[in-house]
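Residue 295 in numbering that gives the first Met the number 0 sits at position 296 of the sequence shown, with consecutive numbering throughout.
A quick write-up on the structure given underneath.
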Amino acid sequence: MEQKHDDDPNFLLLLQTLDQQKNWDGCPLVEYNGFWLPLRFFRSILSTLKQFKPENNDLLLASFPKSGTTWLKALAVSIAGRNTIADGQSPLLNSNPHKLVPFLEYDDPDHLKHLPSPRIISTHISYKTLPESIREESECEIIYICRNLLDTFVSYRHFSLDNKLGQGYDDAGPPPLGLDEALDIFCQGIYMSGTIWDHVLGYWKAHLEDPQRVLFLKYEDLQEDTSFYVKKIAAFMGYPFSEEEDKQGVIEEIVRLCSINNLKILEVNKKGKFRSIVKTSSLFRKGEVGDWRNYLSADMARSLGTDHEDNGV
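Rendered as C-alpha cells:
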C-alpha cells in the first residue's frame, strides 16, 4: 500500500532523524533499524509493523528482493492447494503468485486480516525488523530463501531498469546509474531491504536457533533438486506428500507447474502490471544460476567481498 502525503508530526519528526539516500535507479530510500526501505512505502510499513497481529498457523515466506520470491510463492500455493492441480484448476493459471500471496509490508492490513486461514504471507523485511508479534509472540512458521549475491544483484538491476522503479509512476526522473556505479552502491548496502549480508544472516541465525520454526533454503539447492526440496517444504508446512501422491506424480506436476519456464508462458503472466508499476512479465526473466557471469567481471565480483561461488552463508 503506497504511502500518501503524511502530515502526522510524529512521523515527520521521525523521518527527519533518519538517513535518506537513493538507490542506483534513483528510488528514494530511508534507513530504518539498520536496513534500507522504500520511502514511498515507509509510512505504511511502520503502520504494519505496529498493527499486524499474526496467527499461530500463519506461514511467512521471507526473502531478499529477487532471490526466488515468486518461485517460492508459487510452490507454497501449489503445495497447500494441490487438490486443485489434478483438475486443472490451479490458481496459478489465473493469478500471478504475488496476488495469491500478498506482502506483509505492502498490502492493505485489512486485506491481510481477512485472508482465509491458514494464511500465507510474504515479506522482504529483515528478521530484525519484523514485528515483535511475529518474532517473539507467535508460533507462525517462516520459510526463507536466499540466492547468490551476484545473481541477486544482476536480477534486480534488470528488474529495476525494466520497470523504471526509480522514476515513480510518471516515467519522469533521473537516468539510472551505470553498472559499475550501481554495483558500488550495492556493495555499500544502499539497496531496498539492504544490506543483503545482514538480511541473509538474520534469518540464518533465526534458523539455527529454531530450525523447527524457520526453514532456510538456498535458491541454488532448489534449482538442483527441486523435487527433494518441494517435499521438504511440504513437510515443513504440515502438508507432507503421501506415498500415493508420490506415485501419481503430484510432486513432479508441482515442479513443472511452478517452473519459471512454465509460469512465464501462462497468459496471466504475459501482460499487465502488478501494483501499477511492475510489469508482470518482468517477474519471470531467466532464473538461471550463475547468470551474473554474463554481466560482471571477476574483479567486479570480488568487489562484493565474498567468494562468488558462495551464497554468503
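Using N, Cα and C, we set each Cβ at its ideal position, and we do this for glycine too.
{"query": "Report all residues from its chain with a CB closer than 6 Å to the CB of residue 292; omit the five preceding and five following residues, and keep chain order.", "result": "none"}
{"query": "Enumerate in chain order the residues of its own chain whose CB-to-CB distance from residue 32 is below 7 Å, with the five nearest sequence positions on each side excluded.", "result": "127, 128"}
{"query": "Please report how far the alpha carbon of residue 118 lies from the alpha carbon of residue 112, in whole angstroms.", "result": "9 Å"}
{"query": "Between the Cα of residue 68 and those of 201, 145, 24, 80, spot the shortest distance and give me the residue it belongs to.", "result": "145"}
{"query": "Go ahead and pull the three-state DSSP assignment for residue 70.", "result": "helix"}
{"query": "Starting from the Cα of residue 101, find the closest Cα among 87, 120, 109 and give me that residue.", "result": "120"}
{"query": "What is the C-beta distance between residue 78 and residue 236, in whole angstroms, given that I count them as a contact (C-beta under 8 Å)?", "result": "6 Å"}
{"query": "Suppose the cutoff is 7 Å on Cβ atoms and the five residues either side in sequence are ignored; what does the same chain contact list for residue 52 look like?", "result": "132"}
{"query": "Report yes or no: do three or more beta-carbon pairs, one from the region 240–255 and one from the region 70–86, lie closer than 8 Å?", "result": "yes"}
{"query": "What number of angstroms, rounded off, separates the C-alpha of residue 65 from the C-alpha of residue 197?", "result": "16 Å"}
{"query": "Is it buried or exposed for residue 140, if we count other Cβ within 10 angstroms and need 16 for buried?", "result": "buried"}
{"query": "Could you tell me the alpha carbon to alpha carbon distance between residue 9 and residue 16, rounded to whole angstroms?", "result": "11 Å"}
{"query": "What's the gap between the Cα of residue 207 and the Cα of residue 82?", "result": "33 Å"}
{"query": "Measure the C-alpha to C-alpha separation of residue 21 and residue 38 and round it to an integer number of angstroms.", "result": "10 Å"}
{"query": "What is the DSSP secondary structure of residue 126, counted as helix, strand or coil?", "result": "coil"}
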